[in-house]
Amino acid sequence: MWKVVLSVTAAALWAAPASAQAAAPTGPATVVVGSPEAVVAPAEAELMSLLVTQTNQRRHAAGCGQLGVDPDLIVASLRQSDFMADTGTFSHIGRGGSTFVARARAAGYAAPAGENIAWGYDTATEVMDAWMASPAHRRNILNCDARSIGTGVRYAADGTPYFTQVFGWR
């Protein structure tokens, strides 16, 4: 199975056309934390939690502060993981051409900092090891100015997991 990761930062998207920064549409695939729609399977929830824990462990080892979990960033992360799992599309561009900045803002988070995505890994440790081996992902994870995180994991119909981390400045 292929294992792939991509990373993007907010700075890379500021020059993106307005059409690419449109808010993500809401609908049946939208997940809202705290609502009946926010049903996350136990395996997905465990991976999401492990990604936060391992991200904070790696940040601590590098001298960065711990990231707080933000529910709006969880929503943004789940929306992208849902999109990728539903469509088999592996990209930072989501439903309706949305960017991670637009998805975070649509979820209620005003200051997104970066996004990491991956698919096809079996464990949180495998994903974290791959992200840490990539300079762009590592920069997102070890950006000591970031203050918050949301993670999202969804399994596609064929069982392939799709992972998203969104980082925030506040």
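Number 43 in the numbering used here belongs to position 42 of the sequence shown; there are no gaps in the numbering. Backbone N, C-alpha and C fix where the C-beta goes; we use that ideal spot for every residue, glycine too.
Handout entry: Local Cβ density within 10 Å of Ser36, reported as buried at 16 or more and exposed below that
Key = Only weak support is given to the placement of Ser36: the predicted model assigns it a pLDDT of 45, under 50, and the value that follows is read from those uncertain coordinates. Exposed, because fewer than 16 other Cβ atoms sit within 10 Å of the Cβ of Ser36.
Problem - Beta-carbon separation (whole angstroms), Ala147 vs Trp170, contact threshold 8 Å - result: 7 Å
Practice task
Can you tell me which of the three DSSP states Gly160 falls into?
Solution key: coil
Handout entry: When Gly66, Arg96 and Thr124 are compared against Ser78, the one with the closest alpha-carbon
Key = Arg96
Practice task
Could I get the ranges of all uninterrupted beta strand (DSSP E) runs contained in the segment 116-163, with 3 residues as the minimum, in chain order?
Solution key: 149-156
Practice task
Excluding the 5 residues preceding and the 5 following Pro43 in the sequence, name in chain order all residues of the same chain whose CB lies nearer than 8 Å to its CB.
Solution key: none
Exercise for the section: Please name the residue or residues paired with Thr165 in a DSSP beta bridge. Expected result: Ile118 and Gly153
Handout entry: Own chain residues within Cβ distance below 7 Å of Thr161, not counting five before or after
Key = Trp120 and Gly121
Problem - Assigned secondary structure, Val41 (DSSP; H/G/I helix, E/B strand, else coil) - result: coil
Problem - For Arg59 and Met141, the rounded distance between their alpha carbons - result: The sequence as given places Asn at residue 141; Met does not occur at that position. Going by the C-alpha atoms only, they are around 12 Å apart.
Practice task
Give the C-beta separation of Glu116 and Val167 to the nearest angstrom, bearing in mind that I take them to be a contact with Cβ-Cβ under 8 Å.
Solution key: 5 Å
Practice task
Report all residues from its chain with a CB closer than 7 Å to the CB of Leu51; omit the five preceding and five following residues, and keep chain order.
Solution key: Ala125
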